[in-house]
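Trainee: First the structure, which I've put down as structure tokens, then a few questions once you've had a look.
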Amino acid sequence: MRKKIVAGNWKMNKNLQEGIELAKELNTMLSADKPNCDVVICTPFIHLASVAPLLDSQLIGLGAENCADKASGAYTGEVSAEMVKSTGAQYVILGHSERRAYYHETNEILKEKINLALANGLKVIFCIGEVLEEREAGKQNEVVKAQLEGSLFDLTGDEFSNIILAYEPVWAIGTGKTATSDQAEEMHAFIRGVIAEKFGKDAAENVSILYGGSCKPSNAKELFAKPDVDGGLIGGAALKAADFKGIIDAWK
Ligand code: PGA
């Protein structure tokens, strides 16, 4: 049975002290009322080493929001997958649309990042999704398939088992405009089909596919009720413990 997951993506929010407070608050809440799903928080790099010891690792996993496409060396300002792992983090988000759009991360670059993350024992939350013009042109399946092919199709089946997918239609991110649960389900089922063709039926059945894009406590239950939606990748609503908990509770 594939895992149900609610993962938070803090993006570039919260200074270190604020991040520590949020992590503590969430840990306290979930210790008192245990989640029915895996929970992960993905924080800025500088928070990882301080937040890791504050979390009950049975309740909350920790991840970075990015890592370098090089293993080590003269790459000023970059943070390697090995460094991420050494903080105690277990996950890394790769391929987020903001990284693709603002930092020009291509399928090729993402492939390098994924390989390094997996080689260092991190689980990868790999984001895919179309922009509004692509959806309006009816090209969303084609776009998402190319993203999967371009970055993941050289992996072995074993490597692929450490991938979590997150479908995030770019037009729904931070806009308050959520995909309908039917739109999400249609795409998630398509993605599962693409994975089945490449990695086989078992791999497709076992991979968790999260929905991301304006997911909040009021719509999470309906989205998560769909058979191919295995949870959410949460931006804005992950910045308040009560909202994030509200989404986690959608699995109850
Ligand atoms: P949002 O962001 O929940 O604020 O729309 C989701 C994401 O970008 O991961």
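Add 30 to the 1-based position in the sequence shown for the numbering used here, that's all there is to it. Yeah, the Cβ is synthetic: ideal placement off N, Cα and C, and Gly gets one too.
(1) Taking A233 as the reference, which of I278, F190 and K270 has the closest Cα?
(2) So, with DSSP's three-state summary, where would you put K143?
(3) With contact counted as at least three CB pairs below 8 angstroms, one residue from each stretch, are the region 61-76 and the region 34-45 in contact?
(4) According to DSSP, what are the bridge partners of I71?
(5) For L195, is the classification buried or exposed, using 16 other Cβ atoms within 10 angstroms of its Cβ as the cut-off for buried?
(6) What I want to know is whether the C-beta of E160 ends up closer than 7 angstroms to one or more non-hydrogen atoms of the ligand COA.
(7) Return yes when the C-beta of H218 is under 7 angstroms from any heavy atom of the ligand PGA, and no when it is not.
(8) Between I264 and F274, which are expected to be in contact by the criterion C-beta below 8 angstroms, what is the C-beta distance as a whole number of angstroms?
(9) Under three-state DSSP, which class holds I193?
(10) Check this for me: beta carbons of R129 and E135, under 8 angstroms apart or not?
(11) Based on Cα-Cα distance, which residue from F183, E215, V200 and E216 lies nearest to A131?
(12) Using the C-alpha atoms, what's the distance from G91 back to I50?
(13) Indicate the three-state DSSP secondary structure (helix, strand or coil) for Y121 in the structure shown.
(14) For N297 and K33, I'd like the C-alpha separation in whole angstroms.
(15) Once the 5 residues before and after A147 are set aside, which same chain residues still bring their CB inside 7 angstroms of it?
(16) Do you know offhand how far V70's Cα is from C157's?
(17) Using CA atoms only, rank isn't needed, just tell me which of N171, L60 and A94 is closest to L152.
(18) How would you label E198, buried or exposed, when you count the other beta carbons within 10 angstroms and need 16 or more for buried?
(19) Taking 7 angstroms as the cut-off, is the CB of E252 close to at least one heavy atom of the ligand PGA?
(20) What's the C-alpha gap between P65 and A104?
Mentor: To lay it out plainly:
(1) Your numbering for residue 233 matches position 203 in the sequence shown. It is F190 whose Cα lies nearest to the Cα of A233.
(2) As a first step, residue 143 is located in the sequence shown; it is residue number 113 there, counting from the start. Here K143 sits in helix by DSSP.
(3) yes
(4) Counting from one through the sequence shown, the residue named residue 71 turns up at place 41. According to DSSP, I71 bridges with G38 and L92.
(5) Position 165 of the sequence shown, counted from the first residue, corresponds to residue 195. Buried.
(6) This structure simply doesn't include the ligand COA; it includes the ligand PGA instead.
(7) As a first step, residue 218 is located in the sequence shown; it is residue number 188 there, counting from the start. For H218, the CB stays at least 7 angstroms from every heavy atom of the ligand PGA.
(8) Within the sequence shown, the letter at position 234 stands for residue 264. Within the sequence shown, the letter at position 244 stands for residue 274. Correct: roughly 6 angstroms between the Cβ atoms.
(9) For this step, residue 193 is matched to residue 163 along the sequence shown. If DSSP states are grouped into helix, strand and coil, I193 belongs with the strands.
(10) In the sequence shown, residue 129 corresponds to position 99, counting from 1. In the sequence shown, residue 135 corresponds to position 105, counting from 1. Against a cut-off of 8 angstroms, the Cβ pair of E135 and R129 comes out as a contact.
(11) Counting from 1 along the sequence shown, the entry for residue 131 is found at position 101. Out of F183, E215, V200 and E216, V200 has the C-alpha closest to the C-alpha of A131.
(12) Here residue 50 is taken as the residue at index 20 of the sequence shown, counted from 1. Here residue 91 is taken as the residue at index 61 of the sequence shown, counted from 1. Their backbone Cα atoms lie some 15 angstroms apart in a straight line.
(13) In the sequence shown, the residue the question calls residue 121 occupies position 91. Taken through DSSP and simplified to helix, strand or coil, Y121 comes out as strand.
(14) Here the chain covers residues 31 to 282 and nothing more, so residue 297 does not appear.
(15) As a working mapping, residue 147 is identified with position 117 in the sequence shown. Result list for A147: C97, A111, V122, L124 and V154, in chain order.
(16) Position 40 of the sequence shown, counted from the first residue, corresponds to residue 70. Position 127 of the sequence shown, counted from the first residue, corresponds to residue 157. Between V70 and C157, the C-alpha separation is close to 15 angstroms.
(17) Here residue 152 refers to the residue found at position 122 of the sequence shown. The residue from N171, L60 and A94 with its alpha-carbon nearest to that of L152 is A94.
(18) Within the sequence shown, numbered from 1, the residue matching residue 198 stands at position 168. Buried, since its Cβ has 16 or more Cβ neighbours within 10 Å.
(19) Here residue 252 corresponds to residue number 222 of the sequence shown, with the count starting at 1. No, since every heavy atom of the ligand PGA falls outside the 7 angstroms radius drawn around the Cβ of E252.
(20) For this step, residue 65 is matched to residue 35 along the sequence shown. For this step, residue 104 is matched to residue 74 along the sequence shown. Their backbone Cα atoms lie some 42 angstroms apart in a straight line.
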